[in-house]
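Worksheet: the structure to be examined is printed underneath.
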Amino acid sequence: MSLAINGGAPVRTKPFPVWPVWGDEEIENLTRVIKSGKWGRLAGKETETFENQFAAAHDARHGIAMNSGTTALRIALTAADIDVGDEVIVPAYTFIATASAVVEAGAIPVFVDIDPDTYNIDPQAIEAAVTPRTRAIMPVHFAGRPANMDALQKIAQKHDLIIIEDAAQAWGASWKNRPVGAIGAAGCFSFQSSKNVNCGEGGIILTNDDTIAKFARSHHNCGRSEDGLWYEHFYFGGNYRITELQSAVLLAQYDRYEELKAIRQENFALLSELLGDIDGIMPLPLEKNVTSHACHLFIFRYQKEHFAGISKTKFIEALRKEGIPTSPGYSIPLYKQPVFLNKSFGPRGKKIEMDIDYSVDFCPESEKACYEEAIWFTQNILLGSEEDMHDIVAAIEKVQREAPSVVSR
Ligand SMILES: Cc1ncc(COP(=O)(O)O)c(C=O)c1O
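Pasting the structure below:
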């Protein structure tokens with residue numbers, strides 16, 4: 048059967064589930080808030096209720112919700128006393144916010160490579176990057192898979208470093224049965240629209256540290272204190288508050304989270320098993336310490352030598368034509384992004400002199416992931432049926448069988 052990219056019939060034309068999933072609960076919650084007239088977080092109770100619920104589910108004493116995951120990272124760094132000129136170690140393969148939050152906090156992101164088996168930060172690479180100026184490590188629980196917290200805590204202890212977890216993609220994920228987010232000094236989650244817990248835009252900081260919580264709460268609320276006057280500002284801060292409307296949606300979304308997570312996990316396991324049998328397709332293996340994977344992304348490594356040498360880009364195009372929405376993921380390691388290469392951190396892209404040269408960085412595994420190997424399926428695909436998963440497998444097998452017929456590889 049000829050490939051759809053060559054004009055043949057596609058494996059499927061049926062769409063995969065769309066995101067977000069929502070129902071009467073979101074509408075009822077929103078209606079309640081609108082009718083109450085209490086639309087801002089300082090007036091109502093929705094945000095506080097969500098903060099308490101989310102923090103408790105992650106074994107954290109404090110939850111401070113705000114307007115985005117990026118804001119949460121930036122504020123968590125400052126609240127954890129990361130200062131101007133401090134170095135913060137981050138993975139090179141992640142969303143820009145992991146590193147831009149560090150720059151916004153006045154600190155210096157130092158990029159290190161990922162482990163190709165997990166696509167999480169490589170603990171050995173961290174050891175090599177520690178300098179006397181290093182103050183923190185910011186691991187990302189990438190795709191919803193917890194980073195190796197044992198190894199990270201060991202390194203942090205040895206060098207007296209703070210861990211701020213970028214848990215933007217990892218709601219309810221756990222490492223050795225411990226929920227991520229408050230294992231380190233603080234952790235930050237995102238509720239942006241593509242995320243498994245979604246209110247359009249939003250984020251939260253979790254922490255068990257009372258001082259971090261106090262400064263984070265103040266920073267996101269114009270430097271106020273809980274018992275100060277409305278126009279009394281003790282610290283530097285801004286307005287990064289979330290609205291009651293967003294929190295009302297979050298409460299409804301979070302109620303349906305566990306049920307959807309179970310479906311994603313089931314399909315994740317099935318797809319891992321089925322794709323693992325195809326030469327040249329390597330789903331990232333699950334290590335036993337990952338006791339719960341949040342399944343924000345399903346990732347496999349693609350090896351073109353098993354597909355007649357067709358490039359990652361062409362393979363994705365072929366799969367999409369077969370009716371399988373496939374993503375190349377991040378296309379450039381962060382240190383190669385123009386903003387870092389040129390240190391364009393000032394107004395209108397003005398170069399800011401910093402004692403670091405990103406042009407000398409080279410993280411081979413991150414480069415391989417971006418340019419050659421990493422292929423993603425987004426979380427909505429994992430909400431499909433068992434038959435949908437079999438269609439994915441059938442499409443990949445078809446592309447493999449017919450790969451020699453693909454011209455301009
Ligand atoms: C790893 C990672 N960190 C941080 C963020 C930032 O979250 P937000 O988009 O809510 O600002 C995201 C969101 O895309 C992310 O994927």
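Numbering-wise (this note's numbering), the sequence shown opens with residue 48 and increments by one. Think of the CB as a built atom: it goes at the ideal place given N, C-alpha and C, for glycine as much as any other residue.
- Considered as a whole, the segment 157-229 harbours 181-184 and 209-213 as its complete beta strand (DSSP E) runs of no fewer than 3 residues, in chain order.
- Measuring C-alpha to C-alpha distances from A203 to each of G87, P170 and H188 identifies P170 as the nearest.
- Relative to D402, the option among G228, F345 and V150 whose CA is nearest is V150.
- Relative to the non-hydrogen atoms of ligand 1, the Cβ of F142 comes within a distance shorter than 8 Å of at least one.
- The bridge partners DSSP lists for T78 come to none.
- The beta carbons of A214 and G234 sit closer together than 9 Å.
- Cβ-Cβ distances below 7 Å link K85 to G91 and E291 in the same chain, with the five nearest sequence neighbours on each side left out; the list follows chain order.
- Exposed is the label assigned to R395, since fewer than 16 other Cβ atoms lie within 10 Å of its Cβ.
- Between the alpha carbons of A172 and N389 lies a distance of about 24 Å.
- A distance below 8 Å between beta-carbons, with the five flanking residues on each side excluded, links I363 to the following residues of its chain, in chain order: T373, S374, P375 and I422.
- When DSSP states are grouped into helix, strand and coil, Y382 belongs to the helix group.
- E248 has its CB nearer than 8 Å to a heavy atom of ligand 1.
- Look at the segment 90-163 and you find these whole runs of beta strand (DSSP E), each 3 residues long or longer: 109-113, 134-138 and 155-159.
- If only uninterrupted beta strand (DSSP E) runs of at least 3 residues are considered, none is enclosed by the segment 260-301.
- If you draw a straight line from the Cα of A139 to the Cα of N53, it comes to about 36 Å.
- Per the DSSP secondary-structure output, Y418 pairs with nothing in a beta bridge.
- Around the Cβ of F283, a 10 Å sphere holds fewer than 16 other Cβ atoms; the residue is exposed.
- Runs of beta strand (DSSP E) with 3 or more residues, each lying fully within the segment 307-356, are found at 328-330, 337-339 and 344-349, listed in chain order.
- When C-beta atoms of the segment 294-305 are compared with those of the segment 245-254, three or more pairs fall below 8 Å, so the two segments count as touching.
- Excluding residues up to 5 positions away in sequence, G247 lie with their Cβ nearer than 6 Å to the Cβ of S240 in the same chain.
- In the three-state reduction of the DSSP assignment, L253 falls in the strand class.
- Non-local C-beta neighbours of A51 in its own chain, meaning closer than 7 Å and more than five positions away in sequence, comprise P57, K368 and E369, ordered along the chain.
- Beta-bridge pairing by DSSP links W423 to I346 and S374.
- The three-state reading of DSSP puts G87 in strand, counting E and B together.
- Looking at the DSSP output, S237 bridges to G250.
- Taking 8 Å as the cut-off, one finds at least one heavy atom of ligand 1 near enough to the beta carbon of S115.
- Of the heavy atoms belonging to ligand 1, none sits nearer than 8 Å to the Cβ of C417.
- Taking 8 Å as the cut-off, one finds at least one heavy atom of ligand 1 near enough to the beta carbon of Q216.
- Residue nearest to M185 within the set Q200, E212, A194 and D197 is E212 (criterion: CA-CA distance).
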